[in-house]
Structure formats: C-alpha cells, structure tokens
Ligand code: PLP
C-alpha cells in the first residue's frame with residue numbers, strides 16, 4: 001500500500017476506539033453464548049481472544065502522525081499473529097525478526113527481504129546462512145565473535161552495531177544481555193573494518209515497557225557518538241535503528257523526546273527505523289477465560305474467608321507476561337449467573353498444578369462468581385499468545401476471533 005491510499009483510508013473516527021471495545025465485547029458475548037459448560041465438548045470452553053485489527057491500524061496512524069521520521073519495523077516476536085502481520089505488511093511497515101521461522105513467516109507474506117531486519121545480536125550460525133540464502137541483509141551485532149561469524153557466513157550483510165542503553169526505567173531490561181558499551185564500540189568498528197565488513201548503522205533498545213521518555217534522548221546522543229567513531233574508522237553510516245520500548249500510554253511524550261533528539265543529532269539524510277512491538281498490538285487483543293473451579297477457605301490465623309477462582313488460563317498459558325514481563329492482570333466480568341452486585345475480593349489462579357500459577361493475588365469483582373462464569377482481560381496482545389506452553393497438557397493454541405473497527409483495516413483485510 002502506498003502513502004496515498006493510506007491517506008484515503010485513514011479516516012479514523014474519534015470514537016473508533018470506543019466502537020472497537022463495543023464490537024469486541026459483542027463478539028466475546030456471542031461466542032460464550034454458544035457454549036454451555038455443563039454439556040460442551042472437552043475444551044470448547046477454552047480461553048480465546050478477540051482481536052480488533054482496527055486498533056492495530058489506529059496505532060499505525062498514530063505512529064505516522066507523531067514519529068514521521070521513523071519507519072516502523074514491527075517486532076514479530078511480540079505477537080506473530082498472522083492477521084497482524086498481514087495488516088502491517090499491507091500498511092507497508094518493515095519487520096524485525098529474531099529467528100529463521102519469523103523471517104520465513106514474513107517472507108511468505110510476499111514482503112521484500114529489504115523490509116526485514118534480523119535484529120538479534122547473537123545469532124545461530126545456520127540462521128545466518130538462511131538469512132544469506134533469503135537475501136535478508138540487515139542484521140545487528142554487538143561483539144567481536146559475531147563479526148567473525150558474519151564474516152564466514154554472510155560477509156556482505158548490512159550490519160548495525162547495537163549499543164548499550166540505560167534501561168533501568170523499563171519493565172523488561174535487555175541491556176544485561178545485549179548492547180556494546182561505548183568504551184568497546186571503536187574497537188568493534190575497527191575490527192569490522194579490518195574484516196572488510198559492511199557496517200551501515202547503529203541500533204539500540206531502551207528496554208521493553210520503558211517508562212522514561214528521556215531514555216530515548218540519551219540513547220540517540222550515544223548513537224551520534226558511535227556514528228562519529230564510525231566515520232573516523234572510514235564508514236559512512238546510513239541508518240539509525242531506535243528499537244522498541246514504546247508504550248501506548250506514553251507514546252506521545254516518547255515520540256516528542258525522540259523526534260527532538262533525532263532532529264538535533266541526525267541530519268535528514270540519515271534513515272531512521274524503529275522496532276516497536278508492544279505498542280502496535282497490546283491494546284488490540286482481549287482474552288476471555290472461563291472459571292473452571294472455585295474454593296472458599298477460611299484462613300485459620302485470621303478466620304477470614306478467602307475466595308479463590310480457578311481459570312482455564314494461567315502463567316503457563318497466555319499470562320506468561322505476568323512473570324516474564326511484569327504485567328498486572330485486570331479482570332472484568334463477561335458473564336455471571338448471580339444477579340447481585342456484592343463486591344468481593346478474589347484471588348485468581350491458573351489451571352495447572354503449580355503453585356506459582358496465580359493470575360492475580362487479589363482483585364475486587366462485583367457479584368458472586370461461580371464455576372461456568374466468564375471473565376475477560378483487555379490489553380492482552382503483547383508477549384502473551386506467543387509464549388504459551390502445553391504444561392500440564394493444556395492447549396498452547398487458543399482461538400482468535402478477528403474484528404475490525406476501522407474501515408481502513410477492513411479494506412486491507414476484507415472483513
Ligand atoms: N527489538 C528487539 C531487538 C527486542 O528484543 C524487542 C523486545 O524484546 C523489541 C524490538 C520489541 O520491544 P517492544 O515490544 O518493547 O517494543
């Protein structure tokens with residue numbers, strides 16, 4: 001899709017988000033209305049998602065409005081949902097892939113290899129050979145061993161030196177694992193030059209779930225230093241990759257800080273790309289879970305009754321983000337038989353036999369909830385479905401029902 005057709009389709013209505021929520025709720029209710037948990041086949045009541053592709057579309061327009069200089073390369077790892085990828089491919093974004101199968105999935109959509117960055121600084125040798133065979137040239141590195149590996153298997157690759165950032169204000173810190181510190185970057189660039197490798201850019205990531213917009217400012221200024229070091233070594237770097245870490249809530253202030261830092265430090269001739277993941281998909285996915293069991297037990301110490309609800313999804317399923325990603329689950333009632341509005345404190349638990357499998361320690365819900373009732377959770381699109389397991393024999397493949405609350409997304413997806 002070109003810019004012109006995007007503008008034609010970009011009539012996002014003011015109430016698009018609200019409409020998306022209503023649409024999502026209608027579809028959630030429609031699906032559960034068809035399930036009688038007393039008689040349904042085993043697994044028919046499994047948790048499931050409703051995904052509003054209109055929300056992904058709105059996030060894309062919001063990006064284009066606020067970060068004009070930065071071309072997004074969606075981080076597939078965050079949620080490799082085929083419809084999300086299809087929509088973003090149609091909207092013309094690039095893609096950040098971390099593995100052979102992510103590269104394959106994106107190429108199978110007909111995306112040109114030049115729109116992909118293999119953004120994993122420590123790559124599997126055979127995957128580097130695979131990238132070479134597919135013509136996926138852009139890739140990151142942050143250490144000398146990786147340079148020797150690339151020299152052997154893909155000497156013409158276009159390399160981005162990933163630098164360390166201060167990610168202390170992020171939910172998921174990445175800098176313990178990746179990123180070259182500024183006191184090593186000159187040596188790495190010199191080695192790359194000696195090996196006759198093609199370094200074309202710098203990348204960074206301020207940490208996933210970042211909360212301090214200023215971390216972008218510092219990272220951009222550090223990237224400028226590395227651009228200058230590269231020039232001293234004889235490279236003319238063309239691209240800066242500002243990574244991911246964008247949050248839906250803080251997006252405008254992050255975009256503001258980042259845009260200013262870019263304008264102050266990089267001329268418009270430098271191509272700027274980003275690798276947003278969570279930003280694009282978190283709010284688009286809503287998860288419905290069934291209450292499969294409950295237990296009321298009296299704490300002998302306090303004599304208080306604890307109300308425990310057991311769901312058919314937990315931290316080994318779509319709630320792994322509670323552990324890996326430090327997320328907090330916010331349940332809402334989708335359907336209940338009890339008509340009272342009595343507010344009750346519950347703890348919510350997953351279905352496995354593991355004690356760690358707790359969805360929330362305490363939450364207040366209005367009404368008496370029972371086996372067969374349904375809860376739903378919004379903001380479940382990032383780092384959820386992609387990291388489910390089959391632990392205890394539960395499914396790792398939950399249904400997704402797709403809707404679109406934006407005509408622009410509907411036009412691209414045909415629904
Ligand atoms: N790029 C890289 C290299 C990553 O490791 C990640 C997440 O871990 C992302 C992009 C996406 O980050 P986010 O979902 O915070 O935007």
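In our numbering, the protein residues as written are 1 to 415.
Glycine residues also receive a C-beta, built at the ideal position from the N, C-alpha and C atoms.
Since the structure is predicted, the reported quantities are computational estimates derived from the model, not experimental observations.
Item, Value
"Nonlocal neighbours in the same chain, by C-beta distance under 8 Å from residue 274, ignoring five residues either side", "67, 70, 71, 72, 73, 241, 242, 243, 244 and 246"
"Residue from 370, 365 and 164 whose Cα sits closest to the Cα of residue 377", "365"
"Cβ distance (whole Å) where residue 209 is taken to contact residue 160 below 8 Å", "Incorrect: roughly 23 Å between the Cβ atoms, too far for contact."
"Proximity test, residue 167 beta-carbon vs the ligand PLP heavy atom, cut-off 7 Å", "no"
"Selected residue, minimal CA-CA separation from residue 372, among 26, 23, 24 and 33", "33"
"Chain D within 8 Å of residue 365, Cβ atoms only", "The structure shown contains no chain D; it holds only a single protein chain."
"CB contact flag (residue 399, residue 389, <8 Å)", "no"
"Cut-off 6 Å between Cβ atoms - residues of its own chain near residue 75, not counting five sequence neighbours on either side", "96, 244, 275 and 277"
"Spatial neighbours of residue 384 in its chain, beta-carbon cut-off 6 Å, leaving aside the 5 residues before and after", "318 and 321"
"Assigned exposure category for residue 78 - 16 Cβ within 10 Å defines buried", "buried"
"Backbone CA spacing between residue 85 and residue 405 [nearest angstrom]", "17 Å"
"Environment of residue 324 [buried if 16+ CB atoms lie within 10 Å]", "exposed"
"Residue interval of the alpha helix (DSSP H) (run including residue 60)", "53 to 66"
"Test item: CB-CB of residue 231 and residue 199 under 8 Å", "no"
"Three-way DSSP call (helix, strand, coil) for residue 337 in this model", "coil"
"Check: residue 77 C-beta below 7 Å from any heavy atom of the ligand PLP", "yes"
"heavy atom of the ligand PLP below 7 Å from residue 208 C-beta", "yes"
"Option nearest residue 189 by Cα separation, candidates 108, 279, 237 and 19", "237"
"Contact under 8 Å by Cβ, residue 105 with residue 279", "no"
"Element boundaries [alpha helix (DSSP H), containing residue 179]", "Counting along the chain, residue 179 falls outside any alpha helix (DSSP H), and DSSP gives it neither H nor E."
"Opening and closing residue of the beta strand (DSSP E) in which residue 198 lies", "198 to 203"
"Close Cβ partners of residue 391 (< 7 Å) along its chain, the five nearest in sequence each way excluded", "316 and 352"
"Coil, strand or helix - residue 292 by DSSP", "strand"
"Sequence-distant residues of its chain with Cβ nearer than 8 Å to residue 357 (five each side left out)", "314, 315, 316, 349, 350 and 351"
"Reference residue 87; option with closest CA among 25, 288, 281 and 298", "281"
"Three CB pairs or more closer than 8 Å across the segment 150 to 169 and the segment 217 to 225", "yes"
"Enclosing alpha helix (DSSP H) for residue 127 [first to last residue]", "125 to 134"
"Distance between residue 326 and residue 252 (C-alpha atoms, nearest Å)", "23 Å"
"Buried or exposed (CB count within 10 angstroms, at least 16 for buried), residue 43", "exposed"
"Exposure of residue 328, with buried meaning 16 or more beta-carbon neighbours within 10 Å", "exposed"
"Endpoints, alpha helix (DSSP H) assigned at residue 19", "16 to 33"
"Selection from 211, 146 and 168 that minimises the alpha carbon distance to residue 191", "146"
"Any non-hydrogen atom of the ligand PLP closer than 7 Å to residue 201 Cβ", "no"
"Nearest residue (CA-CA) to residue 120, options 107, 26 and 100", "100"
"Residue 106: first and last residue of the uninterrupted alpha helix (DSSP H) it sits in", "100 to 107"
"The ligand PLP heavy atom lying under 7 Å from the CB of residue 278", "yes"
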